[in-house]
Amino acid sequence: MLTNVVLRRVLMSSPRSAAVRLATSSSSVSPKDDYFAKNAALNRPVSPWINYKLQVTSVLSFSHRMTGLALSALVYGGGIAALYSHNTNFAQVLQSIQTTVPHSLIFTVQVLTATSLAYHTLNGVRHLSWDFGYGFSIKELYTSGYLVLGLTVLSAIAFIMASN
Numbered sequence: 157m158l159t160n161v162v163l164r165r166v167l168m169s170s171p172r173s174a175a176v177r178l179a180t181s182s183s184s185v186s187p188k189d190d191y192f193a194k195n196a197a198l199n200r201p202v203s204p205w206i207n208y209k210l211q212v213t214s215v216l217s218f219s220h221r222m223t224g225l226a227l228s229a230l231v232y233g234g235g236i237a238a239l240y241s242h243n244t245n246f247a248q249v250l251q252s253i254q255t256t257v258p259h260s261l262i263f264t265v266q267v268l269t270a271t272s273l274a275y276h277t278l279n280g281v282r283h284l285s286w287d288f289g290y291g292f293s294i295k296e297l298y299t300s301g302y303l304v305l306g307l308t309v310l311s312a313i314a315f316i317m318a319s320n
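For the sequence shown, the numbering used here assigns the number 157 to the initial residue and increments by one for each residue that follows.
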C-alpha cells in the first residue's frame, strides 16, 4: 500500500504527468467543438452535400432507378388488385374507377405514368448504347442525357395532346 502511494507521487510529480493532467482535465471546450473549430480553421467543408454540385449524370441515374421502381410498383399493384377484385370484367373495373375517381387525378396519374415510361424507356436505350461501348466521353454523356430529357418532354406533350 505504501509503495502505491509513493509510486503515484513520483509519477505525478514529473513534468510529463503534468501535461497528461492538463490534457485530461475538464475544460469548457468539448472534443466535438474542438473538432469543428479545427476543421473551420483549416477551411474544410462541413459536409459534401453542402458544397457538391449535382451532376446531370447522377440525377439521371437516380431518376432511372426511381421510375423503374415506380413502374414496377404500378404493374405489381395493378396485378394484385386484379387478383383480389371481385369484378372479372376489366371494362366494369375501368368504369367504376372513372365514376369514383376525379378526372383530374386520373389525368395526372396517366401523365406521370406515360412520362415515367417514356423516360425509363429512352434512358434504357441510352444504357444499352453504353453496353455496346458507345457514349462514354463526358460530352457524349451530357449530350445523350439532355437528349433523353428533351425527348421525354416531347413525348409527355404528345401524350397530353393525344389524350384531350
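Note that CB positions come from ideal geometry on N, CA and C, so glycine has one too.
Short CB-CB distance (under 7 Å) between Asp-287 and chain B: The chain inventory of the structure shown lacks chain B, comprising one protein chain alone.
Member of Thr-269, Val-231, Tyr-240 whose CA lies at the smallest distance from the CA of Ala-312: Thr-269
Three-state class that DSSP yields for Asn-279 in the structure shown: helix
Gly-301 and Val-212 closer than 7 Å at C-beta: yes
Bounding residues of the alpha helix (DSSP H) (the contiguous stretch that carries Val-309): 294-319
Cα-Cα separation between Ala-314 and Ala-226, rounded to whole angstroms: 21 Å
Beta-carbon proximity check, Asn-279 vs Val-309, cutoff 7 Å: no
Distance between Trp-286 and Leu-250 (C-alpha atoms, nearest Å): 40 Å
6 Å CB neighbourhood of Gly-291 in its chain, flanking five on each side removed: Ser-285, Ser-300
Val-195 versus Tyr-208 - alpha carbon distance: Note that residue 195 corresponds to Asn in the displayed sequence, not to Val. Looking at the two C-alpha atoms, the distance is approximately 18 Å.
Cβ pair His-283, Gly-224 closer than 7 Å: no
Element boundaries [alpha helix (DSSP H), containing Lys-194]: 187-197
Whole-number beta carbon distance between Ser-319 and Gln-266, since they are thought to touch under 8 Å: 7 Å
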